[in-house]
Each structure stands twice: as structure tokens, then as C-alpha cells.
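The numbering of the sequence shown is my numbering, which starts it at 2 and goes up by one. I have placed the structure first, in the form of C-alpha cells, so that the comments after it can refer back to it.
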Amino acid sequence: MPKSGFTRKQSKNVPQNFFPGDDQHQRRKSEDTPAHRPAAADEKGAPSAEKHRPPPPEQRARRPSSEGRPDKELRAYQADGPVEAVGLQADAEFWHIFDDTKTLGRGHFAKVKQVTHLQTEEEFAAKILDKTMADNDIEDLVREFQMLRSLRHRNIIRLYAAYETPKKLYLVTELASGGELMKRLGSDSSVYSEDEVRAHVRTILRAIQYMHSKNSVHRDLKPENVLLSDMGDEAEIKIVDLGLSRYFEERKLMRTICGTHKYLAPELVQCDRGQLQGYDKAIDMWGIGLLTFIMLYGFNPFAREVQRETHNAIVRATFTYPDGYNLSKDAQSFVGACLLLKAQDRLTAEEALNHRWLSAEAPSSPGALLSNEKRPVKSMLSEFNAQRMIGKMVKGAHRRLSGGGEGDKGGTPAKPAQ
Ligand code: ADP
2 MPKSGFTRKQ
12 SKNVPQNFFP
22 GDDQHQRRKS
32 EDTPAHRPAA
42 ADEKGAPSAE
52 KHRPPPPEQR
62 ARRPSSEGRP
72 DKELRAYQAD
82 GPVEAVGLQA
92 DAEFWHIFDD
102 TKTLGRGHFA
112 KVKQVTHLQT
122 EEEFAAKILD
132 KTMADNDIED
142 LVREFQMLRS
152 LRHRNIIRLY
162 AAYETPKKLY
172 LVTELASGGE
182 LMKRLGSDSS
192 VYSEDEVRAH
202 VRTILRAIQY
212 MHSKNSVHRD
222 LKPENVLLSD
232 MGDEAEIKIV
242 DLGLSRYFEE
252 RKLMRTICGT
262 HKYLAPELVQ
272 CDRGQLQGYD
282 KAIDMWGIGL
292 LTFIMLYGFN
302 PFAREVQRET
312 HNAIVRATFT
322 YPDGYNLSKD
332 AQSFVGACLL
342 LKAQDRLTAE
352 EALNHRWLSA
362 EAPSSPGALL
372 SNEKRPVKSM
382 LSEFNAQRMI
392 GKMVKGAHRR
402 LSGGGEGDKG
412 GTPAKPAQ
């Protein structure tokens, strides 16, 4: 069984331990945590555990209010304080706390499910990893746990709880039920303007600036990882998937080659090719520039049919802004100042937030974004999204590429390139 370090102390009956390596992450005594308290567990691990079948309604731990309905004031988790990982003896115990609502997403070995807290009826997302299947993914999930528990930002998905059983790891986070920002932009009926893109970029950038100020780097910024809190018009952006994120030290380079091919920064490809020794947090600024380009122009300028060609285009870092789009010069200048070959030449998150395009004085551009053929960028984005979905099904996710390892707690054995 792979080791995780998730939970440090646990009862003799719980032979796991991936969640984390400090004293705050102890196996929780169930009597301390009434909202988490699992129903009586089957000593051997109930067979239903593997099927994720919730207990029958009469055995569920809902706390009735005076009207006989769950108490809406009751919260599943405390608003503040650090999240501690809880060791459980069997998967069935998790499903005595949560109801399985539906599957939201699937990685190689991890599944993301929408779950309902049985006692309070609050909805969450649970990222579930089968420990028996995946080594690198365990490290990613543990990293995600460590990172998320140290970050509190309204635009970064909030971690509420973590559980570990002999077979699985569970991260319970805020639910972002509005789907991907990029899909919403390409599909809803509202006018899709430069102003709208500007507002989204500002929000994403503030979250990244917050991460960088905490010496954390995301390393996998891409459309799939920018979600919306709900389906409403006022939905908030939520950045997810911090599995590749890590802490960095100023003036110390990172070396693990990871990310998703079409969104890699040039220095990552150069590291992969042995042409560079490392990279720093500026990779996230490439990600910001690329997300902005895609939102403004409706396509990824570096994507090619063949992966090697994509990498070649990235390391050349040359791309053209198609003529004839009704975009401001400032928008183009912002993108250009992020998508620079040399990491040290790129805007920092701080500088980017002070760029003219994002300033309060920037002239408003509320009209629908149109391409040079006067085609709505919204419809191009919709095609871009459809292609991404096909690519995802054919190739699966790309996480770590070849080679790498930071030689410290951030280092992780690499997966072969795909
Ligand atoms: P992986 O590390 O396997 O790529 P992600 O964290 O990116 O997993 O999640 C996979 C997919 O699950 C996401 O692209 C998204 O569609 C969905 N998802 C992840 N987290 C949430 C969440 N908190 N709320 C709603 N959907 C989510």
C-alpha cells in the first residue's frame, strides 16, 4: 500500500497515513466532532463501502429541527480554524457522513463527486483517490490538501475536510456547481464583451497574486481549472485543482516538469528538453496571459495537431494577434506583457494588476467581441470548448511530463510523457 502522510496519528486499526506530516493533522476523536461523527462502523468494513452506497434514510445522521426538518442553522464545518485530516476505518464511514449525489469529473485515478452532508444537507465536492492505484496522484492529492488548507481566498476553492481510509483519500471542498468559466462564456446568452473578460482576468489575477504572496505557485492554470460557484449571473470564479501547486522559495528554482501540454510555459518545455535548469512563479503569469488570450480571441495560439509542434510553438513564444478584432490596444499589450518568452520579462501578478488595461480608468468596451470576419468570439470559444472535450477524451489529462523532481518535499517522481 503506498504511503501518504495524510494523517499522522491514527488508531491501530487504521493502517494508512497519507495526510499530512504535522501535529495538527491527527486522527480526530469522533466525540470532538459531532458534525463529522460517523454512524457505527462495521468493524471489518462493510461490503457496501466499496459500492459507495449511502445508508438507508432511517439510519442517516440528519439532525431534525423542531419542525422535523434538518436544522438550516447547523453548519457542517467551522468557518475558521485549520482543516484536520480524519482517519476512518472504512470507506463506508465516509458514506455515513455524506450522500453520493453525482460524479462531477474524473482524472486518471481520482474522481470528483458532488456529495451532500447527511446531517446538514449542505452540498460539497469530494475528490476521491484510490490509494491502491496511484503513486504520483497520492502525492498530488496530499499536496493539494496541504496547499488548500493554508489558503483562504474567495476565488480559490475552499477546503472543508479531509478523510483517509485504508483504501482511499477524500478531500471535501466547496462545490463549484456553475461549471467552467470558459464554457459559460462560450454558451450563455449574454453579450460577451472585452469588459467581461477584463473583469474575469482581474479576479483570477487577484487569486494568483494571493497565492504568490503566500509563496505558492499553481502551475496548472488552464480553462478546466477555472470554475464558477453556481449557475447564477452573479456566480463567482473558483480556481480548482491545486494538485500541481507547491510552495516556492524566492530565488530558488523549481524543476519538476508538470502541467498540461498546450498550456505549458516555455521554460517548462525548455527544462523538459534539458535547455534550462528550472523555473519560478512566473509560469503562472504565462498561464494568465494564455487564459486571457483565449478569452479574447477564442483559441489557443500555441495549440497544434502534434504535441512536439505545440512545444516548438511555445518555446518560440511567437504568435500573432489576428487583425480586425474589435479589441483595445491595452488588451493586446496586457497579453503581450504576460506571454513573453523570458520569465523575468513577464509582468508579475502585482504589476499585471496595475496594468493600464485592468485599471479603473481604462475605457469601457461593452460591445460584443467580434473576430476579423465579424464572427462572435463567443461562438469561436464554444468550438474551442468542444475540441477540448474531444481532446480530453482521447488523450486524458497530462499531469507530469518526463523527468524532474525538486529534490525536496515538493519533488515528485515523474510520470512518463504522453
Ligand atoms: P484532476 O486533478 O483529476 O484533474 P480536478 O481537481 O481538476 O481533478 O477535477 C476534475 C474535474 O472535476 C474538474 O475539471 C471539474 O470539472 C470537476 N471539479 C473539481 N473540483 C470541483 C468542485 N469543487 N466543484 C465542482 N466541480 C469540480
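Here a beta-carbon is modelled for each residue, glycine too, at the ideal position from N, C-alpha and C.
Give me the Cα-Cα distance between Thr257 and Phe249, rounded to the nearest whole angstrom.
Here residue 257 refers to the residue found at position 256 of the sequence shown. Here residue 249 refers to the residue found at position 248 of the sequence shown. Thr257 and Phe249: Cα-Cα distance of roughly 12 Å.
Short Cβ contact (8 Å threshold) for Lys205 with Ile238:
Here residue 205 is taken as the residue at index 204 of the sequence shown, counted from 1. Here residue 238 is taken as the residue at index 237 of the sequence shown, counted from 1. What sits at residue 205 in the sequence shown is Ile, not Lys. Yes, Cβ-Cβ distance for Ile205 and Ile238 is below 8 Å.
Under a three-way DSSP split, which group does Arg357 fall into?
In the sequence shown, counting from the first residue as 1, residue 357 sits at position 356. Three-state DSSP puts Arg357 in a helix.
With a threshold of 8 Å, are at least 3 pairs of Cβ atoms found where one atom belongs to the stretch 92-102 and the other to the stretch 166-176?
yes
Residues in its own chain within less than 7 Å of Leu176 by CB, not counting five upstream and five downstream?
Position 175 of the sequence shown, counting from 1, holds the residue named residue 176. Cβ within range, chain order: Gln115, Glu124, Phe125 and Ala126.
Restricting to Cα atoms, I'd like to know which of Leu297, Glu306 and Arg305 is closest to Gln333.
One-based indexing of the sequence shown puts residue 333 at position 332. When only C-alpha atoms are compared, the closest one is Leu297.
Using a Cβ-based criterion (distance less than 7 Å to any ligand heavy atom), does Val241 qualify as near the ligand ADP?
For the purposes of this step, residue 241 is identified with residue 240 of the sequence shown, where counting begins at 1. Under cutoff, so the answer is yes.
According to DSSP, what are the bridge partners of Glu370?
As a working mapping, residue 370 is identified with position 369 in the sequence shown. For the sequence presented, residue 370 should be read as Leu rather than Glu. In DSSP, Leu370 forms no bridge with anything.
As an exercise, report each continuous alpha helix (DSSP H) stretch of at least 4 residues that is fully enclosed by the stretch 108-167, in chain order.
137-151
Closest by CA to Leu89, which one among Val218, Leu170 and Arg347?
Numbered from its first residue, the sequence shown carries residue 89 at position 88. Comparing Cα-Cα distances from Leu89 to each of Val218, Leu170 and Arg347, the minimum goes to Leu170.
Does DSSP put Val270 in a helix, in a strand, or in coil?
Counting from 1 along the sequence shown, the entry for residue 270 is found at position 269. Of the three classes helix, strand and coil, the one that applies to Val270 here is helix, per DSSP.
heavy atom of the ligand ADP below 7 Å from Lys128 C-beta
In the sequence shown, counting from the first residue as 1, residue 128 sits at position 127. Yes.
Starting from Thr293 and walking both ways along the alpha helix (DSSP H), at which residues does that stretch end?
As a working mapping, residue 293 is identified with position 292 in the sequence shown. First-last of the alpha helix (DSSP H) with Thr293: Ala283 to Tyr298.
Counting only the same chain and skipping the five closest in sequence on each side, list residues whose C-beta sits under 8 Å from that of Tyr161.
Here residue 161 is taken as the residue at index 160 of the sequence shown, counted from 1. Same-chain partners within the cutoff: Ala77, Tyr78, Val84, Phe125, Val173, Thr174 and Glu175.
Are Ala304 and Leu342 close, meaning C-beta to C-beta below 8 Å?
What you label residue 304 is simply residue 303 of the sequence shown in a count that begins at 1. What you label residue 342 is simply residue 341 of the sequence shown in a count that begins at 1. It is not a contact, given that the beta carbons lie outside the stated cut-off.
Only counting the same chain, and skipping five residues up and downstream in sequence, which positions put a Cβ closer than 6 Å to that of Tyr211?
Here the question's residue 211 lines up with position 210 in the sequence shown. Same-chain partners within the cutoff: His154.
Cut-off 7 Å between Cβ atoms - residues of its own chain near Gly279, not counting five sequence neighbours on either side:
Against the sequence shown, residue 279 aligns to sequence position 278. Cβ within range, chain order: Leu254, Met255, Arg256 and Cys272.
Expected contact under 8 Å - CB spacing of Ser383 and Tyr326 to nearest Å
Here residue 383 refers to the residue found at position 382 of the sequence shown. Here residue 326 refers to the residue found at position 325 of the sequence shown. Not quite, the Cβ-Cβ distance comes to about 17 Å (not below 8 Å), so this is no contact.
Mind checking whether Ile209 and His201 have CB atoms under 8 Å apart?
For the purposes of this step, residue 209 is taken as residue 208 along the sequence shown, with counting starting at 1. For the purposes of this step, residue 201 is taken as residue 200 along the sequence shown, with counting starting at 1. Going by C-beta atoms, Ile209 is not nearer than 8 Å to His201.
Name the DSSP bridge partner or partners of Lys239?
As a position in the sequence shown, residue 239 is number 238, starting the count at 1. For Lys239, which the question treats as bridged, DSSP gives the partners Leu228.
Pull up the distance between the alpha-carbon of Ile284 and that of Ala344, whole angstroms please.
For the purposes of this step, residue 284 is taken as residue 283 along the sequence shown, with counting starting at 1. For the purposes of this step, residue 344 is taken as residue 343 along the sequence shown, with counting starting at 1. Their backbone Cα atoms lie some 7 Å apart in a straight line.
DSSP state of Thr311, grouped into three classes?
In the sequence shown, counting from the first residue as 1, residue 311 sits at position 310. Reduced to three states, the DSSP call for Thr311 is helix.
Measuring from the CB of Glu94, is there a heavy atom of the ligand ADP at a distance below 7 Å?
Walking along the sequence shown from the start, residue 94 turns up at place 93. Not so, every heavy atom of the ligand ADP lies at least 7 Å from the Cβ.
How big is the Cα-Cα spacing for Lys396 and Gln308?
Here residue 396 corresponds to residue number 395 of the sequence shown, with the count starting at 1. Here residue 308 corresponds to residue number 307 of the sequence shown, with the count starting at 1. Its pLDDT being 44, under 50, Lys396 is placed unreliably by the model, and nothing is read from it.
Report buried or exposed for Ser246, applying the criterion of at least 16 other Cβ atoms within 10 angstroms of its Cβ.
Position 245 of the sequence shown holds residue 246. The residue is buried, with at least 16 neighbouring Cβ atoms inside 10 Å.
According to the neighbour-count rule (16 or more other Cβ atoms, all chains shown, within 10 Å of its Cβ), is Val192 buried or exposed?
Within the sequence shown, numbered from 1, the residue matching residue 192 stands at position 191. Exposed, because fewer than 16 other Cβ atoms sit within 10 Å of the Cβ of Val192.
Should Gln120 be labelled buried (16 or more other beta-carbon atoms within 10 Å of its own) or exposed?
Reading the sequence shown from its first residue, position 119 is the one you call residue 120. By the neighbour-count rule (16 or more Cβ atoms within 10 Å), Gln120 is buried.
What does the alpha-carbon distance come out to for the pair Met148 and Lys375?
Numbered from 1 along the sequence shown, position 147 holds the residue referred to as residue 148. Numbered from 1 along the sequence shown, position 374 holds the residue referred to as residue 375. C-alpha separation (whole angstroms): 44 Å.
Alpha-carbon to alpha-carbon, Asp331 and Asn355:
Along the sequence shown, read from residue 1 onward, the residue named residue 355 stands at position 354. Along the sequence shown, read from residue 1 onward, the residue named residue 331 stands at position 330. Taking the straight line from one Cα to the other gives about 12 Å.
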